[in-house]
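Undergrad:
2 protein chains.
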Amino acid sequence: MHDISPIRAKSGTNQEGTSAHNRRVMIEALRLNGALSRADLARATQLTKQAVSNIIEDLERDRLVVALDAVRKGRGQPFTPYRLVPEGAFAIGLQIDRHLTRVVVVDLVGKVIARAEAGLPFDEPSAGVRIILGLVDGVRRKLASLFAQSERRLVGLGVAMPGPFGLKNPDNKWMMPAWQQFPLVEALAAGTGLDVGLQNDAAACATAERIVGAAHGVDHAVCLYVGYGIAAGLILNGELYSGGNGNAGEIGMALLAPAGSGSTPLEHRASLASLYQHLGLDPTERGLYETLGALALARDPRVMGWVEKAASDLRWSVHLIETIFDPQTVILTSSAPEALARLLLQAMHPLLPSIADRPVRRLPRLQLGTTDPWAIAVGAAAEPISRAFDPRFSAILKAG
Amino acid sequence: MHDISPIRAKSGTNQEGTSAHNRRVMIEALRLNGALSRADLARATQLTKQAVSNIIEDLERDRLVVALDAVRKGRGQPFTPYRLVPEGAFAIGLQIDRHLTRVVVVDLVGKVIARAEAGLPFDEPSAGVRIILGLVDGVRRKLASLFAQSERRLVGLGVAMPGPFGLKNPDNKWMMPAWQQFPLVEALAAGTGLDVGLQNDAAACATAERIVGAAHGVDHAVCLYVGYGIAAGLILNGELYSGGNGNAGEIGMALLAPAGSGSTPLEHRASLASLYQHLGLDPTERGLYETLGALALARDPRVMGWVEKAASDLRWSVHLIETIFDPQTVILTSSAPEALARLLLQAMHPLLPSIADRPVRRLPRLQLGTTDPWAIAVGAAAEPISRAFDPRFSAILKAG
DNA sequence: CCTATTAAGTCAATTCGCTTGACTTAATTA
DNA sequence: TAATTAAGTCAAGCGAATTGACTTAATAGG
Numbered sequence: 000m001h002d003i004s005p006i007r008a009k010s011g012t013n014q015e016g017t018s019a020h021n022r023r024v025m026i027e028a029l030r031l032n033g034a035l036s037r038a039d040l041a042r043a044t045q046l047t048k049q050a051v052s053n054i055i056e057d058l059e060r061d062r063l064v065v066a067l068d069a070v071r072k073g074r075g076q077p078f079t080p081y082r083l084v085p086e087g088a089f090a091i092g093l094q095i096d097r098h099l100t101r102v103v104v105v106d107l108v109g110k111v112i113a114r115a116e117a118g119l120p121f122d123e124p125s126a127g128v129r130i131i132l133g134l135v136d137g138v139r140r141k142l143a144s145l146f147a148q149s150e151r152r153l154v155g156l157g158v159a160m161p162g163p164f165g166l167k168n169p170d171n172k173w174m175m176p177a178w179q180q181f182p183l184v185e186a187l188a189a190g191t192g193l194d195v196g197l198q199n200d201a202a203a204c205a206t207a208e209r210i211v212g213a214a215h216g217v218d219h220a221v222c223l224y225v226g227y228g229i230a231a232g233l234i235l236n237g238e239l240y241s242g243g244n245g246n247a248g249e250i251g252m253a254l255l256a257p258a259g260s261g262s263t264p265l266e267h268r269a270s271l272a273s274l275y276q277h278l279g280l281d282p283t284e285r286g287l288y289e290t291l292g293a294l295a296l297a298r299d300p301r302v303m304g305w306v307e308k309a310a311s312d313l314r315w316s317v318h319l320i321e322t323i324f325d326p327q328t329v330i331l332t333s334s335a336p337e338a339l340a341r342l343l344l345q346a347m348h349p350l351l352p353s354i355a356d357r358p359v360r361r362l363p364r365l366q367l368g369t370t371d372p373w374a375i376a377v378g379a380a381a382e383p384i385s386r387a388f389d390p391r392f393s394a395i396l397k398a399g
Numbered sequence: 000m001h002d003i004s005p006i007r008a009k010s011g012t013n014q015e016g017t018s019a020h021n022r023r024v025m026i027e028a029l030r031l032n033g034a035l036s037r038a039d040l041a042r043a044t045q046l047t048k049q050a051v052s053n054i055i056e057d058l059e060r061d062r063l064v065v066a067l068d069a070v071r072k073g074r075g076q077p078f079t080p081y082r083l084v085p086e087g088a089f090a091i092g093l094q095i096d097r098h099l100t101r102v103v104v105v106d107l108v109g110k111v112i113a114r115a116e117a118g119l120p121f122d123e124p125s126a127g128v129r130i131i132l133g134l135v136d137g138v139r140r141k142l143a144s145l146f147a148q149s150e151r152r153l154v155g156l157g158v159a160m161p162g163p164f165g166l167k168n169p170d171n172k173w174m175m176p177a178w179q180q181f182p183l184v185e186a187l188a189a190g191t192g193l194d195v196g197l198q199n200d201a202a203a204c205a206t207a208e209r210i211v212g213a214a215h216g217v218d219h220a221v222c223l224y225v226g227y228g229i230a231a232g233l234i235l236n237g238e239l240y241s242g243g244n245g246n247a248g249e250i251g252m253a254l255l256a257p258a259g260s261g262s263t264p265l266e267h268r269a270s271l272a273s274l275y276q277h278l279g280l281d282p283t284e285r286g287l288y289e290t291l292g293a294l295a296l297a298r299d300p301r302v303m304g305w306v307e308k309a310a311s312d313l314r315w316s317v318h319l320i321e322t323i324f325d326p327q328t329v330i331l332t333s334s335a336p337e338a339l340a341r342l343l344l345q346a347m348h349p350l351l352p353s354i355a356d357r358p359v360r361r362l363p364r365l366q367l368g369t370t371d372p373w374a375i376a377v378g379a380a381a382e383p384i385s386r387a388f389d390p391r392f393s394a395i396l397k398a399g
């Protein structure tokens, strides 16, 4: 009765799980390949033609896929390709940054339908939440005006903000202690009536790269995100990895040397915060993004000085990431202007030797990902979409 | 016809997958909890009583579980607990080290049934394979003499050897280039007629910790293995993670500093090889293990000198691992004598501050795992068992 | 031009494993 | 001794994939 069962076990499954998985597999196949015939889907998923037909019928009824015109190709009956209906599902993505918040609505294929941004008080989450709820309300209205029935198709709200979460002694200068301690998920769930999920900004960035960027279809990738702080988003076995407490990849606090003295957190040296400090800029200043872009384009010597130093630390970070994870590729992303990110990328070469330095490689060791400032919000929005539609172990199992 | 389908998709599933998964879930539940009644299993796995009954009946027919005596406990009908039958399955584990090979047979619950070891030529794999096949043959005979029908229940052969694999320029001094380039898996499969799987030694060590050691039932753990070299075995989401090319966790080659100069691979400073060098010992020497154990017990100053330096690097490794993976615990294991491992563990404290330094912790940040020299072989043997019996995503999907 | 071949996709019956709900058994408690 | 609680069985039902024959519609080749 009163005893919480101490039995450890994974959950079993049944036909519902089977069916849910197969639906997800089909949706993923369509997302990855654009448009496929029933026959192609059957071959790709190893299901029978008949099973595929049934599921397609289902998905078509749910308005998640549509048939395109039949295509004649060689002998045999022409095939009818199916593709995803972008407006089959929507999700809201929310980025919370130190002085700024961005909200987007994306559709099933990750396209941005509506967006909004506003300033945010650094240390007053309850006031901030009111601002956020206003923005969310705005984009929801916009969405409703564009697509009838869209509310029914809203699968959730994903939030991305700088981590790490749940720390004993948050470092006030580098983190957002007020926000990190505020019951944000609950407040937003109550305020929007949606399912709310929270992740750190690098994870969101990795998710964005995975669905629409450089990690599309790659199963092992690490996304190094240089924002105000620095962190890594980990795609392992095709899924985002978040660790035991949701803080995996929070490398900003990694100390740069074994010795106690002289060892600095990575964040203090290779992050935009360190650049602002180096340049004596105020991070809250308006037009900062443009200023940085211009300085980078002009190869301003002070910026180049920071780039050199930061690149040295980042080069070593990539080395460690490669050595530890053995990923197929590492993706450098940043909230900085593209010109600056490119300078960093260049300065990071040549890369340090590592295990990743293999005879045959399909993907580059290091590549530039998106530098779109909205990418974090898009990645945040992708999380509920992924939760709802991507094939994953947990989706097969029963309640849990 | 001739076109290899370029379509990317995960495989679908069907009732076979469902049933296979549920069987595995039940076996895992029994392994983790010792013995459970049908009713308990139903609650734990979220399956219906009836489904559990059917599966139990199946497993009982396959001699994988047996009923124990009924137990009266409070009101209601007494329940009949079931437990795994250890001799329900066997696997062979093979450790290949630089000058030594060990072979074990383990049963379904990870108990060692037979063992054998022999010297191995460092750079002649083909001669080595003959030696290995002889040992394997020996333990198989032993097994057959102990358990009738055991051959039918032999699920595979797991091999563990130092990585990394597939490198461009193997470092002859630190690796085993001849072995790493030899078609070992094929040779062993041909020579034994068994399914053969290969992993690095740290991964095997982590697997051993997972099934019978400190990581039993823990979903996020990193196993730091100090052997001749050094590496980490990664348990993420309850499964071993091996990266894009099977080299995840091979941190021996990690450089210890961002700068190009003065940066040494971790392996050169914190590994038994470095200790041998420090002490001027020959690693092939007989009785080395005992010598080291005695020196450690006597707190020999030269050993303590190495311990201090190595511990400093290891302390920092733990810091990095915690920062990057956010595991529930880190486990220190070693092929060194326990006394030496304990010295290392002590010298690593106090640990560096990190994200793992949380207000509430269920498990210690760092704990000592096994120092049994046979652990690697046991872990190697656990891999085929796990592949055959543990619940995992890939086991639900169809072929592939 | 006509026929054979190839391939997409449907139809209807079947199978298989989990679910459902009623029932039996056997203990404790009042 | 009767009520209650819980384990476990029975038998029918259901849902989703499978199977194999069939239909449709194109191209290739004689």
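Protein chains in written order, with numbering that gives the first Met the number 0: chain A, 0 to 399; chain B, 0 to 399. From the three backbone atoms N, C-alpha and C, an ideal C-beta is built for every residue, glycine too.
1. So, are the CB atoms of GLY92(A) and GLY192(A) less than 8 angstroms apart?
2. Using a beta-carbon distance below 8 angstroms, is GLY16(A) in contact with chain B?
3. Does DSSP classify VAL306(B) as helix, strand or coil?
4. How about GLN148(A): is its C-beta nearer than 8 angstroms to some C-beta of chain B?
5. Would you say PHE388(A) reaches chain B, if we count a Cβ-Cβ gap shorter than 8 angstroms as a contact?
6. Sorted by chain position, which residues of the same chain lie with C-beta nearer than 7 angstroms to ASP122(B)'s C-beta, five sequence neighbours on each side aside?
7. Quick check: the Cα distance between LEU235(B) and GLY242(A), rounded to an integer number of angstroms?
8. Could you check if PRO163(A) is buried or exposed, using at least 16 other CB atoms within 10 Å of its CB as the buried criterion?
9. Which of helix, strand or coil does DSSP assign to ASP312(A)?
10. In the DSSP output, what is TYR240(B) paired with across the bridge?
11. Along the chain, which unbroken stretches of the alpha helix (DSSP H) at least 4 residues long are found entirely within the stretch 87–174 of chain B?
12. Identify the contact partners of GLU249(A) in chain B, using a Cβ-Cβ distance below 9 angstroms as the criterion.
13. Would ASP325(A) pass as a contact of ASN246(B) if the rule is Cβ separation under 8 angstroms?
14. How big is the Cα-Cα spacing for SER270(B) and GLY251(B)?
15. Just the Cα atoms here: how many angstroms apart are ALA379(A) and LEU291(A)?
16. Hey, VAL138(B) and ALA117(B): beta-carbon distance below 8 angstroms or not?
17. Please list the segments of the alpha helix (DSSP H) lying wholly inside the stretch 16–54 of chain B, counting only runs of 4 or more residues, in order along the chain.
18. Our contact map puts VAL65(B) next to GLU59(B) with C-beta atoms below 8 angstroms; I'd like the distance itself, whole angstroms only.
19. Since TYR227(A) is in the alpha helix (DSSP H), which residue starts that stretch and which ends it?
20. Could you check what DSSP says for GLY251(B) in three-state terms: helix, strand or coil?
21. What in chain B is Cβ-close to PHE78(A), meaning under 9 angstroms?
22. How far does the alpha helix (DSSP H) with ILE384(B) in it reach, from first residue to last?
23. Please name the residue in ILE384(A), LEU342(A), THR332(A) whose C-alpha comes closest to that of GLU27(A).
24. Considering only DSSP beta bridges, list what ASN199(B) is partnered with.
25. Would you give the residue range spanned by the alpha helix (DSSP H) that GLN179(B) belongs to?
26. Tell me which same chain residues have a C-beta within less than 8 angstroms of the C-beta of GLN327(B), skipping the five on either side of it?
27. Who does ARG82(A) pair with in a DSSP beta bridge?
28. Can you find at least 3 beta carbon pairs, one from the stretch 71–86 of chain A and one from the stretch 370–377 of chain A, that sit closer than 8 angstroms?
29. For the stretch 171–190 of chain A against the stretch 5–12 of chain B, do three or more pairs of beta-carbon atoms, one drawn from each stretch, fall closer than 8 angstroms, so that the two count as touching?
30. Please report the residue range of the beta strand (DSSP E) in which SER333(B) lies.
31. Would you say ALA213(B) and ALA381(B) are within 8 angstroms of each other, going by their C-beta atoms?
32. Among the residues of its own chain, which have a CB less than 8 angstroms from the CB of HIS1(B), if the five just before and after it don't count?
33. Which bits of chain B does ASP122(A) rub up against, with CB to CB less than 7 angstroms?
34. Helix, strand or coil for GLN366(B), going by three-state DSSP, please let me know.
35. So which residues of chain A does GLY10(B) contact, with C-beta pairs closer than 8 angstroms?
36. CB-CB under 8 angstroms to GLY196(B), same chain, minus the five flanking residues each way: which ones, in chain order?
TA: Working from what's here:
1. no
2. Yes - at least one Cβ of chain B is within 8 angstroms of the one on GLY16(A).
3. helix
4. no
5. no
6. ALA177
7. 7 angstroms
8. buried
9. Helix.
10. LEU233(B), per the DSSP bridge assignment.
11. 124–145
12. THR322, ILE323, ASP325, ILE354
13. yes
14. 8 angstroms
15. 25 angstroms
16. no
17. Every alpha helix (DSSP H) stretch that sits fully inside the stretch 16–54 of chain B and reaches 4 residues is listed by chain position as 37–44.
18. 7 angstroms
19. Premise fails: TYR227(A) is in no alpha helix (DSSP H) and is neither H nor E.
20. helix
21. Chain B residues near PHE78(A): none, gap ~13 angstroms exceeds 9 angstroms.
22. 374–388
23. Of the listed residues, the one whose Cα sits closest to GLU27(A) is ILE384(A).
24. Bridge partners of ASN199(B): MET160(B).
25. 176–180
26. VAL217, ASP218, HIS219, ALA220, ARG361, LEU362
27. ALA34(A), VAL65(A)
28. no
29. no
30. 328–333
31. no
32. The predicted position of HIS1(B) is uncertain, since its pLDDT is 33 and thus under 50; a value taken from the coordinates is nonetheless stated next. Within the same chain, HIS1(B) has no close Cβ partners at all.
33. Those do not exist, as ASP122(A) stays about 21 angstroms from chain B at its closest Cβ, beyond 7 angstroms.
34. In the structure shown, GLN366(B) sits in a strand (DSSP, three-state: E or B).
35. Residue identity check: residue 10(B) is Ser in the sequence provided, not Gly. Within 8 angstroms Cβ-Cβ: VAL24, THR44, GLN45.
36. GLY155, LEU156, GLY157, VAL158, VAL184, GLU382, PRO383, ARG386
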